[in-house]
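S.K.: Residues 93 to 387 (our numbering) make up the sequence shown, in order. Virtual Cβ for every residue (Gly too), placed ideally from N, Cα, C.
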Amino acid sequence: MTIFSDQKLIDLNHLGLIPGPHESADEFVARADYCLNLQEHLSEEFKASLGSVKGDSIEKLKQGFDVAASAYGIRPAWIPIFFSNYKLPPWHGGCAWIFQMTDHSPTAALLQLRQSLYQSPKYLGLYHRDELVAHELAHVGRMKFEESQFEEILAYRTSASRFRRWFGPIVQSSYESMFFVLALAIIVFIDVFLLAFYNYEAYLSASWLKAIPISMICFALVRLGIRQFRFKRSYEKLQTCLKDPHQALSVLYRLTDREISDFSTMETEEIMTYASEKAGSCLRWQLIFTTYLKC
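1) Using only alpha-carbon positions, find the residue among Glu-136, His-338, Trp-170 that is nearest to Leu-104.
2) Please state whether DSSP places Leu-107 in a helix, a strand or coil.
3) Would the stretch 238-253 count as touching the stretch 267-279 if we require 3 or more Cβ pairs under 8 Å?
4) If you reduce the DSSP assignment to three classes, tell me which class Cys-374 lands in.
5) Just reading off the beta strand (DSSP E) that Leu-202 is part of, what are its end residues?
6) Are Ala-201 and Val-159 touching if we call contact CB-CB under 8 Å?
7) With a threshold of 16 other CB atoms inside 10 Å of the CB of Phe-191, please say whether the residue is buried or exposed.
8) Name, in chain order, the residues that DSSP records as bridge partners for Tyr-215.
9) Mind pulling the alpha helix (DSSP H) runs of 4 or more residues that sit fully within the stretch 334-381?
10) Secondary structure at Trp-300, three-state DSSP: helix, strand or coil?
11) Three-state secondary structure (DSSP) at Ala-169?
12) Which runs of the alpha helix (DSSP H) at least 4 residues long sit entirely within the stretch 220-245? Give them in chain order.
13) Does the separation of the CB atoms of Phe-405 and Phe-242 fall below 8 Å?
14) Based on Cα-Cα distance, which residue from Asp-195, Cys-187, Ser-197 lies nearest to Glu-223?
15) Can you tell me the Cα-Cα spacing of Ile-110 and Cys-127, whole angstroms?
16) Does DSSP put Gly-186 in a helix, in a strand, or in coil?
17) Kindly indicate the opening and closing residues of the alpha helix (DSSP H) around Glu-119.
18) Judging by CA-CA distance, which residue of Lys-370, Ile-282, Leu-205 is the nearest neighbour of Tyr-178?
19) Comparing alpha-carbon positions, which option in Ala-367, Thr-332, Pro-113, Gln-264 lies nearest Met-308?
20) Quick check: is the beta carbon of Ile-110 nearer than 8 Å to any beta carbon in chain D?
21) To the nearest angstrom, report how far apart Asp-283 and Tyr-267 are at their CA atoms.
22) Pair every Cβ in the stretch 323-333 with every Cβ in the stretch 350-361, then say whether three or more of these pairs are closer than 8 Å.
23) Which word fits Pro-455, buried or exposed, when buried means at least 16 other C-beta atoms lie within 10 angstroms of its C-beta?
24) Here's a check: name, in chain order, each residue in its chain whose Cβ is nearer than 8 Å to the Cβ of His-133, leaving out the five neighbours to either side.
25) Among the residues of its own chain, which have a CB less than 6 Å from the CB of Ala-124, if the five just before and after it don't count?
26) Compare the beta carbon distance of Leu-107 and Arg-167 with 8 Å and say whether it is the shorter of the two.
27) Are the beta-carbon atoms belonging to Leu-209 and Phe-175 less than 8 Å from one another?
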């Protein structure tokens, strides 16, 4: 079993290489080494699809990396950055790909941005390059966290827009978006079909179908409100536990969904007890306790 020094953990932490909740020390070592040398592991076929990595990418995206460093305490300078439209839907400005090259390879990540964002700081008037980079880097640091409840809340925390910070995480997964769009499309099709054949009675009878997307929106808003409340409470509780209260978001970024929810109802002493107990048996908590919490 690999034994980590505190300084080694801190160094990898700053590079956005954070132990996952269920990742062993040996698995973390293998992943960290793989990611730090990822350029060598990417296949030629992979590179051919996305194009070459531009040498000045990090410098061009420096402000986005600075935002991620300030918010989450990560600066993954090792990550390959591709400016390519390959397989990006027209409405996407870019994304972080979290993947395994083979079934036996460690998990890694790369950043893909639209070609136009290499020269322009905006796309479609909606995406700002720096905000997009910071948002996607938030997913990179948590590549081994399979925690969906607060993932988007964390990623949207770097947005300059208060509206996006609050309502941006309303959708938890792409499946929810697809189901919502599918429901709308079916309802619109039924309405158009019935009206085209002047079947007004059936059209009125089918009006209840419109309650489906409305109910989905209401459910998502209530769910988001509960999660934002728990997130805020945990943030406030953690501020009383830290060497530097401004790093509360960095700690939340390294927690599981269950821990964020639990901390929202725990007292400071309970949080510190939990942290000190976990630090002795969990690599992730060794990192959190050593780097951020009061001794």
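M.R.: Result, derived from the coordinates:
1) Of the listed residues, the one whose Cα sits closest to Leu-104 is Trp-170.
2) Coil at Leu-107, not helix or strand.
3) No, they do not touch.
4) Correct three-state label for Cys-374: coil.
5) Annotation for Leu-202: the continuous beta strand (DSSP E) segment containing it runs 200-205.
6) No, Cβ-Cβ distance for Ala-201 and Val-159 is not below 8 Å.
7) Flag for Phe-191 reads exposed.
8) Here Tyr-215 is bridged, per DSSP, to Tyr-219.
9) With a minimum length of 4 residues, the unbroken runs of alpha helix (DSSP H) contained wholly in the stretch 334-381 fall at 340-345, 349-355, 360-371.
10) In the structure shown, Trp-300 sits in a helix (DSSP, three-state: H, G or I).
11) Collapsing the DSSP output to three states places Ala-169 in coil.
12) The stretch 220-245 contains these whole alpha helix (DSSP H) runs: 221-233.
13) Lying outside 93 to 387, the shown extent of the chain, residue 405 is not represented and no answer is given.
14) If you compare the alpha carbons of Asp-195, Cys-187, Ser-197 with that of Glu-223, the shortest gap goes to Cys-187.
15) About 12 Å.
16) Reduced to three states, the DSSP call for Gly-186 is strand.
17) That run of the alpha helix (DSSP H) goes 117-128.
18) A check of alpha carbon separations from Tyr-178 across Lys-370, Ile-282, Leu-205 identifies Leu-205 as the nearest.
19) Closest in alpha carbon position to Met-308, among Ala-367, Thr-332, Pro-113, Gln-264, is Gln-264.
20) The question asks about chain D, but that chain is absent: this structure has only one protein chain.
21) Distance from the CA atom of Asp-283 to the CA atom of Tyr-267, rounded to whole angstroms, is 24 Å.
22) The stretch 323-333, when compared against the stretch 350-361, does touch it at the 8 Å Cβ threshold.
23) Any question about residue 455 goes unanswered here, given that the chain covers just 93 to 387.
24) If you ignore the 5 residues before and after His-133, its C-beta comes within less than 8 Å of the C-beta of Tyr-126, Met-193, Ser-197, Ala-200, all in its own chain and listed in chain order.
25) Excluding positions up to five away in sequence, the list reads Leu-104, Leu-109.
26) The Cβ atoms of Leu-107 and Arg-167 sit closer than 8 Å to each other.
27) In contact: Leu-209 and Phe-175 (Cβ atoms closer than 8 Å).
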